[in-house]
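Notes for the one structure printed next.
Numbering (full-length UniProt numbering), first residue to last: 1 to 686.
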């Protein structure tokens with residue numbers, strides 16, 4: 001039997017030997033130590049840095065190649081009756097029963113990756129600790145990293161029950177949970193939380209508050225860098241100032257920003273949260289100071305188009321500050337809430353209170369609640385619970401009235417049943433027929449106002465351009481008293497109509513300068529401004545021409561290549577040699593006289609762009625204006641720039657007063673401590 005030698009390792013297909021002590025990787029030019037013919041370091045390098053081209057492991061790669069040979073040993077003739085002994089030398093593919101592993105030989109053996117790499121990252125010839133930013137020299141050994149973790153981060157060293165990778169993953173998930181739910185960082189010190197982790201993750205070493213804080217700070221700085229890069233690429237942004245109160249009576253202002261990307265995608269992000277003075281009335285100076293500080297911190301000076309806020313006291317007077325260059329606009333949801341409050345008369349308030357008592361009775365009385373459910377089944381009514389209104393949200397009054405009207409006869413049946421409701425209690429809770437008529441007449445009006453706020457509050461659509469079309473529609477149509485309206489509802493309509501006129505300044509001579517009306521002109525759905533008088537439309541058109549001219553004055557440099565192609569060029573025919581065939585061709589001669597772009601659909605100057613844009617057919621109301629500008633922007637480049645400036649302004653402050661997500665967000669914010677409130681809101685909303 002011929003003896004076979006060791007085969008050359010396939011790792012040498014990727015490495016070359018520099019000298020007796022070093023080898024070089026031919027894929028990344030890395031130089032590795034080479035001692036005594038061992039290829040383990042080279043295989044480790046390929047598995048970690050070039051996994052797609054990693055060779056077989058050394059245990060398999062250097063096995064001797066043995067041919068499949070059968071040797072027959074035949075005994076002497078004297079033992080002719082004995083069997084012929086066949087000794088089979090098995091090939092590597094065949095299974096044997098002597099000292100062979102269970103897996104197939106052809107399967108590649110995995111290299112174990114040290115768990116310290118869940119804490120450290122490699123940078124050139126160094127490794128950096130992600131927990132304390134310590135830098136260590138790296139010489140193909142993890143011993144120094146393991147010593148560092150044991151000495152400096154004993155709290156994060158897992159025991160035998162949890163690997164270092166699993167420990168790091170659980171700790172990361174805890175930090176993400178605190179960010180998403182906006183919990184205090186001290187939640188990890190709670191006994192109940194520790195018991196939960198001890199049960200679900202055995203032998204898990206709980207990180208300290210400082211460790212979790214460092215992780216959240218790391219996420220915070222990563223998102224800050226991303227947002228800075230985004231803001232550096234946009235031309236204009238809009239600010240939103242959201243005033244809110246945490247417990248106990250801590251007042252804050254959160255500044256958001258909204259912008260439109262180069263791909264015509266609307267984006268919004270939290271910039272900063274400032275704590276306001278604890279006095280009952282915030283001064284205009286303190287608000288302006290914090291807004292200017294935010295603008296300076298994020299380097300967006302000169303980029304702010306407008307600021308939307310949900311506080312009508314103080315911040316409007318800040319417009320007089322010389323340092324402020326942007327316009328102010330009140331949150332439409334806040335404005336509508338004030339208008340509804342102004343319209344509620346004593347009779348309507350009394351009916352709302354009586355309806356609230358009735359709903360409270362059925363929601364808190366088990367016997368009445370069960371009786372109502374039975375009546376709903378008997379009368380084939382929807383099995384819905386009654387809705388309680390909230391003083392903070394007027395739209396819940398509409399929800400309460402709609403549900404009461406739906407369940408009116410089931411409610412009356414329960415109140416008339418003396419086995420469920422006694423006579424005295426029924427007399428207190430019963431709503432008179434006149435009040436039911438008012439509720440029936442009042443509910444559609446509230447529903448219309450609620451729909452208006454819902455449209456403006458939609459975060460996925462452009463909202464500011466809808467404000468004045470909806471406001472004028474409410475004033476001119478929906479809030480006009482009708483013949484069949486009861487006295488209380490007619491009075492409510494007139495009061496809300498008057499309040500909207502005052503807050504939205506619809507009769508102002510300076511209406512054309514309002515950011516919301518400019519946005520309406522730049523929204524192709526509303527550009528005709530059919531809700532305005534002819535005088536108002538003319539003033540708005542003049543304002544749009546003024547903005548375009550101002551934009552031309554600012555951009556004195558040469559335009560982009562696309563804009564240069566849109567310039568009307570009329571050639572001098574005296575310099576053109578005209579062949580005889582061309583002279584007889586009237587059509588081609590007209591093209592030479594008037595220019596190739598004479599009949600082009602692209603506007604040739606700023607004034608023409610405005611005229612062509614206004615004469616263009618308006619799209620349907622269900623189209624997204626940003627999608628329209630993405631397609632038609634090259635036709636009107638100057639107006640497209642203005643559209644980016646004004647359509648990014650939100651119609652409501654974030655979060656919306658009537659948004660369910662906004663209400664949840666506002667509730668969660670009240671749990672934050674002042675020390676980390678800015679960081680926590682930033683990582684949560686971004």
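Note that CB positions come from ideal geometry on N, CA and C, so glycine has one too.
Whole-angstrom distance between residue j and residue i, CA atom to CA atom
{"i": "residue 307", "j": "residue 328", "result": "5 Å"}
{"i": "residue 358", "j": "residue 392", "result": "19 Å"}
{"i": "residue 546", "j": "residue 385", "result": "56 Å"}
{"i": "residue 195", "j": "residue 209", "result": "17 Å"}
{"i": "residue 170", "j": "residue 187", "result": "15 Å"}
{"i": "residue 174", "j": "residue 119", "result": "16 Å"}
{"i": "residue 485", "j": "residue 341", "result": "20 Å"}
{"i": "residue 652", "j": "residue 266", "result": "15 Å"}
{"i": "residue 20", "j": "residue 151", "result": "38 Å"}
{"i": "residue 121", "j": "residue 130", "result": "7 Å"}
{"i": "residue 364", "j": "residue 404", "result": "16 Å"}
{"i": "residue 636", "j": "residue 608", "result": "9 Å"}
{"i": "residue 387", "j": "residue 356", "result": "9 Å"}
{"i": "residue 489", "j": "residue 337", "result": "17 Å"}
{"i": "residue 676", "j": "residue 245", "result": "15 Å"}
{"i": "residue 399", "j": "residue 301", "result": "44 Å"}
{"i": "residue 219", "j": "residue 438", "result": "54 Å"}
{"i": "residue 687", "j": "residue 145", "result": "The structure shown does not extend to residue 687, since the chain is modelled only from 1 through 686, so no value can be given for it."}
{"i": "residue 63", "j": "residue 228", "result": "Because the pLDDT at residue 63 is just 41, under 50, the model does not fix this residue reliably, and the point stays unresolved."}
{"i": "residue 441", "j": "residue 480", "result": "14 Å"}
{"i": "residue 242", "j": "residue 214", "result": "28 Å"}
{"i": "residue 641", "j": "residue 147", "result": "58 Å"}
{"i": "residue 304", "j": "residue 350", "result": "45 Å"}
{"i": "residue 550", "j": "residue 605", "result": "14 Å"}
{"i": "residue 287", "j": "residue 275", "result": "10 Å"}
{"i": "residue 16", "j": "residue 125", "result": "21 Å"}
{"i": "residue 53", "j": "residue 26", "result": "12 Å"}
Spatially closest choice to residue i from the options, by CA coordinates
{"i": "residue 417", "options": "536, 449 and 370", "result": "370"}
{"i": "residue 402", "options": "304, 291, 415 and 382", "result": "382"}
{"i": "residue 615", "options": "245, 641 and 529", "result": "529"}
{"i": "residue 531", "options": "544, 543, 517 and 542", "result": "517"}
{"i": "residue 289", "options": "269, 302, 253 and 270", "result": "253"}
{"i": "residue 506", "options": "28, 474 and 251", "result": "474"}
{"i": "residue 299", "options": "286, 336, 347 and 233", "result": "233"}
{"i": "residue 465", "options": "332, 480 and 450", "result": "332"}
{"i": "residue 431", "options": "552, 415, 293 and 172", "result": "415"}
{"i": "residue 447", "options": "433, 436, 482 and 395", "result": "395"}
{"i": "residue 325", "options": "353, 291 and 335", "result": "291"}
{"i": "residue 463", "options": "650, 222, 250 and 226", "result": "650"}
{"i": "residue 504", "options": "354, 539, 638 and 339", "result": "339"}
{"i": "residue 323", "options": "368, 293 and 178", "result": "293"}
{"i": "residue 297", "options": "231, 632, 617 and 451", "result": "231"}
{"i": "residue 639", "options": "612, 624 and 618", "result": "612"}
Per DSSP, the bridge partner or partners of residue i
{"i": "residue 309", "result": "241 and 330"}
{"i": "residue 49", "result": "Its beta-bridge partners do not exist; DSSP assigns none."}
{"i": "residue 246", "result": "250"}
{"i": "residue 129", "result": "120"}
{"i": "residue 25", "result": "15"}
{"i": "residue 257", "result": "239 and 269"}
{"i": "residue 715", "result": "Nothing about residue 715 can be read from this structure; the chain reaches only from 1 to 686."}
{"i": "residue 135", "result": "128"}
{"i": "residue 304", "result": "237"}
{"i": "residue 274", "result": "253"}
{"i": "residue 390", "result": "393"}
Proximity test, residue i beta-carbon vs the ligand FMN heavy atom, cut-off 8 Å
{"i": "residue 375", "result": "This structure simply doesn't include the ligand FMN, nor any ligand for that matter."}
Completely contained alpha helix (DSSP H) runs for the stretch 137-224, where each covers 4 or more residues: Complete alpha helix (DSSP H) runs here, min 4: 143-152, 164-181 and 191-200.
Would you be able to state if there are at least three C-beta pairs under 8 Å between the stretch 521-528 and the stretch 635-653? With the cut-off at 8 Å, the stretch 635-653 and the stretch 521-528 touch.
So does the stretch 222-241 actually touch the stretch 249-261, counting three or more Cβ pairs closer than 8 Å? The stretch 222-241 vs the stretch 249-261: in contact.
Along the chain, which unbroken stretches of the alpha helix (DSSP H) at least 4 residues long are found entirely within the stretch 335-374? List check, alpha helix (DSSP H) in window: 346-364.
Given 8 Å, three or more beta-carbon pairs between the stretch 363-376 and the stretch 402-419: The stretch 363-376, when compared against the stretch 402-419, does touch it at the 8 Å Cβ threshold.
Under 8 Å, with one C-beta from each stretch per pair, do the stretch 447-459 and the stretch 502-519 reach the 3-pair mark? Fewer than three Cβ pairs drawn from the stretch 447-459 and the stretch 502-519 lie within less than 8 Å of each other, which leaves the two stretches out of contact.
Can you check the stretch 412-475 for any alpha helix (DSSP H) of at least 4 residues that lies completely inside it and give the ranges in chain order? The stretch 412-475 contains these whole alpha helix (DSSP H) runs: 423-429, 433-457 and 467-473.
Cβ pair count under 8 Å reaching 3, the stretch 42-53 against the stretch 6-20: Yes, the stretch 42-53 touches the stretch 6-20.
Hey, which unbroken runs of the beta strand (DSSP E) at 3 residues or more fall wholly within the stretch 504-543? Listed in chain order, the beta strand (DSSP E) elements of length 3 or more contained wholly in the stretch 504-543 amount to none.
So, does the stretch 330-346 touch the stretch 481-501, judging by three or more C-beta pairs under 8 Å? Yes: the two stretches touch, three or more of their Cβ pairs being nearer than 8 Å.
Is there contact here, the stretch 463-482 with the stretch 414-429, by at least three beta-carbon pairs under 8 Å? By the Cβ criterion, the stretch 463-482 is not in contact with the stretch 414-429, since fewer than three pairs of Cβ atoms, one from each stretch, lie closer than 8 Å.
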